[in-house]
């Protein structure tokens, strides 16, 4: 079976002098150089005892060594454990408890976590920069063997460990590939690691972020534009919060195309970007940690909810009691701990459906609209409403930056971040939606992972 690692090796042989990655310091690495690093690390780590099936916790920043290490460990048949970066040390502890890794592969200051966390004291340390000699036996990679173990964000409960087999990663590549097709050579600024892996497998260049991905709110808008322009990026794969940064800068640099996802992408963001740069195309991608991608759209539409376009060809999708459920080869069919499956998995004959927890509807043209999370609906004077139906409309009001519909003290309440001088106009507009309680707040809390979703639990706690 072809794996992403094998596909990268083939791309490296074919495009050896082509730039594969541009690191955060601006250093360019050719495909041959990246393959050389991966081979050297694989030899060294094989000599240290890494064998097929061993679990290796990977702790390092996004950079060339992250991808060289992934390629090296997969070539050895190891299962790579990726903690959730936004959770910090708590995420590492969760990963250790769930997977019991045999090795820690870490670089720079991340090496110190071996001393800080007792769960890592018995692990062997692997560090990029090590090199070895001798032939490395090529493992026979079974399609169902685990390549990667990652984690849900934990924003709606305890984080769950998600095993991804080599077959799963190949199916995800197949599902994502149509979104990345282009009639011309692209220089991609990529913030989502899975898209970098696919670019490497397809012989395409990726520019890596030069900012801390766990602190997206702190990214300076002009610095983002400068990084795009410095590297002549023609396309960017960004979470919505970085699209907002481009709007703040009123410039998209050298970009011709933006793909954005990882959180709700509201029409005002897409329309604002297109007004900023004439001819700019924007693709919104809807998915979840367990299923990426689910749907995509190349334009915006106004309606009852948040438009996310047509489901991708690789996914089966149905709506049951308002909830979006999906199945397919690139949809996670079970967690590392089978006891967690009952929460989100439904077996229907030979098909395993994943419950996304997202409310949605399909219109008469088969296009998908998001309504919000199941359980977040609010009783208003106009009846029960899901948040996105109201929030999408509210974001178009004068002075609104973002809005959140929640139930507060048994009352539908619209929380607005923006220009407080417009409050009277917001209150008047909200009454038409059946909402009489509108409150201004300086900043609505957002999730730690992509800083793009409203953290409703934190918001409620803030308003108590």
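Numbering (the UniProt record's numbering), first residue to last: 1 to 464. A virtual CB, placed ideally from N, CA and C, is assigned to each residue, including glycine. From a predicted model like this one, the values you see are computed outputs, not experimental measurements.
Asked                                                                                                 : Found
Inter-stretch contact (C-beta, 8 Å, three-pair minimum) for the region 239-249 and the region 273-286 : yes
Residue 36 - containing alpha helix (DSSP H), residue span                                            : 31-47
Spatial distance of residue 437 from residue 383 (CA atoms)                                           : 15 Å
8 Å Cβ cutoff met for residue 461 and residue 330                                                     : no
Residue 452 and residue 159 closer than 8 Å at C-beta                                                 : no
Local conformation of residue 205 per DSSP, three classes                                             : strand
Contact belief for residue 360 with residue 353 at Cβ below 8 Å, rounded distance in angstroms        : Contact flag wrong, Cβ pair sits at about 14 Å.
Contained beta strand (DSSP E) runs [length at least 3] in the region 233-287, N- to C-terminal order : 235-238, 257-261
Beta-bridge partners of residue 316, as assigned by DSSP                                              : 327
Whole-angstrom distance between residue 334 and residue 42, CA atom to CA atom                        : 30 Å
Residue 391 in three-state terms, based on DSSP                                                       : helix
Alpha-carbon to alpha-carbon, residue 69 and residue 349                                              : 39 Å
Status (buried if at least 16 other CB within 10 Å, exposed otherwise) for residue 298                : exposed
Distance, residue 314 Cα to residue 44 Cα                                                             : 39 Å
Given 8 Å, three or more beta-carbon pairs between the region 221-228 and the region 193-202          : no
Residue 12 (DSSP reduced to helix, strand or coil)                                                    : helix
Presumed contact (8 Å Cβ cut-off) between residue 149 and residue 79, rounded CB distance             : 6 Å
Paired residues, beta bridge with residue 437 - DSSP                                                  : 413
Distance, residue 141 Cα to residue 122 Cα                                                            : 27 Å
CB-CB length for residue 247 against residue 217, believed under 8 Å                                  : Not a contact, Cβ separation roughly 14 Å.
Assigned exposure category for residue 448 - 16 Cβ within 10 Å defines buried                         : buried
Beta-carbon gap between residue 406 and residue 378 smaller than 8 Å                                  : yes
Exposure of residue 178, with buried meaning 16 or more beta-carbon neighbours within 10 Å            : exposed
Residue burial classification, residue 321 (beta-carbon count within 10 angstroms, cutoff 16)         : exposed
Enclosing beta strand (DSSP E) for residue 426 [first to last residue]                                : That residue, residue 426, is in no beta strand (DSSP E); its alpha helix (DSSP H) goes 423-432.
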